[in-house]
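J.:
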Amino acid sequence: MNSLRLLLENRPIWVEIRGKSRNRATIVVAPPLAGSVDPIHYHLDLALTDRGGVSVREQSEHRRFPEFCMERHINPGGTFCLEYGSEDRLGDVDAVNRWWSSLETFLHNQEYAAKRREWPLAAGLSHGEAALEQLSMEELAGPLGWTDELLRGMFRGRGWLAEKLPRATKNLDRVVNARTPCPRGCTWKHRSLRKNSCELDSCETGCRKQHKPILRADCPNRRVVEEIVLREHRRRAIEAAIVAVLKKEKTQCCGAMKNCPLR
């Protein structure tokens, strides 16, 4: 059974099939909204991809979203980037259920972006292969409680990860000069307050001491910090290459979002 048929045979109750063939289908979806708000109806086209999965896009005569917007994860040609690998082959019902769930979340995020002109922070995802670097960074940061600061750096331009990164070797296999301050901005506290972890909290009330920055060589989480830095170097390079290709092709910003690298 191909991915499209598997998808249609295991569709949620909020999906209505309007037409189908072996390789294509037209559907109307109305995913539920919180509270008693009436759901929004979206007219979508589904098609089998070369990778054996399914692509999805709006029907041009019922368009609610921009035809292309990289910051809203709408590809050139109008297909939706639901998540990394969302057009890969669907092998079982669990994969199908994840696909429909991703579509539901994607559509809700589109309405959020239309109102606020920015993508929801928690749903932020880098483009193309840069997404793999981001996901690896989140795996590293999660156990230390740093995920939010990573997302704010990547998608809001705030915090240490949005600033100039520590230098790395040309092939990005090592961060150089470990005797420079940790990029997270941690400082040495009074001995009684020190912990074997990275601390950003301010010192005790009334303290006026200018605490020295912790050098990266002394950071208890040096390995994680340096791996995040290397992956962020790679992520930025991949993103920049994608933008360069789009600009070379004279791709225009749609103006729908507050910030766009195509401007």
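In this text, residue positions in the sequence shown follow the working numbering: the first is 249, and each later residue adds one.
A virtual CB, placed ideally from N, CA and C, is assigned to each residue, including glycine.
(1) So for I275, helix, strand or coil by DSSP?
(2) Tell me whether the beta-carbon of D293 lies closer than 9 angstroms to the beta-carbon of A273.
(3) Below 7 angstroms CB to CB, which residues in the same chain sit around S440 once its five sequence neighbours on both sides are set aside?
(4) I'd like the span of the beta strand (DSSP E) that includes L338, first residue to last.
(5) What are the uninterrupted segments assigned as alpha helix (DSSP H) that are 4 or more residues long and contained completely in the region 339 to 374, given in chain order?
(6) Beta-carbon within less than 6 angstroms of Q307's beta-carbon, same chain only, minus the 5 sequence neighbours each way: which residues are those?
(7) Under 8 angstroms, with one C-beta from each stretch per pair, do the region 363 to 375 and the region 408 to 416 reach the 3-pair mark?
(8) Pull the bridge partners of C508 from the DSSP assignment, please.
(9) Start and end of the beta strand (DSSP E) containing H291?
(10) Under the rule that 16 or more other beta-carbon atoms within 10 Å means buried, what is L369, buried or exposed?
(11) Is it true that the CB of V302 sits closer than 9 angstroms to the CB of P255?
(12) For T305, which residues of its own chain have a beta-carbon under 6 angstroms away from its beta-carbon, when the five flanking residues on both sides are left out?
(13) Judging by CA-CA distance, which residue of M505, D396 and P509 is the nearest neighbour of E359?
(14) Quick one: grab the DSSP three-state call for R439.
(15) Flag this pair as yes or no: are the beta carbons of S251 and L330 separated by less than 9 angstroms?
(16) Between the Cα of V591 and those of V424, P324 and G390, spot the shortest distance and give me the residue it belongs to.
T.: The relevant details are as follows:
(1) strand
(2) yes
(3) Residue confidence for S440 is low, a pLDDT of 44 falling below 50, so the modelled location carries little weight and cannot support an answer.
(4) Per DSSP, L338 belongs to no beta strand (DSSP E) and is neither H nor E.
(5) 341 to 364
(6) Result list for Q307: H291 and D293, in chain order.
(7) no
(8) Answer is none; C508 lacks a bridge partner.
(9) Looking at the DSSP string, the run of the beta strand (DSSP E) that includes H291 is Y290 to L296.
(10) exposed
(11) Just to set this straight, residue 255 is Leu in the shown sequence, not Pro. Against a cut-off of 9 angstroms, the Cβ pair of V302 and L255 comes out as a contact.
(12) With the sequence shown as reference, residue 305 is identified as Arg, and Thr is not the correct amino acid for it. For R305, where only same-chain residues beyond five positions count, the Cβ hits under 6 angstroms are D293, G326 and T327.
(13) Of the listed residues, the one whose Cα sits closest to E359 is M505.
(14) Only weak support exists for where R439 lies, its pLDDT of 49 falling under 50; the value from the coordinates is given anyway. In this structure, R439 counts as helix in the three-state DSSP scheme.
(15) no
(16) The structure shown does not extend to residue 591, since the chain is modelled only from 249 to 511, so the question has no answer here.
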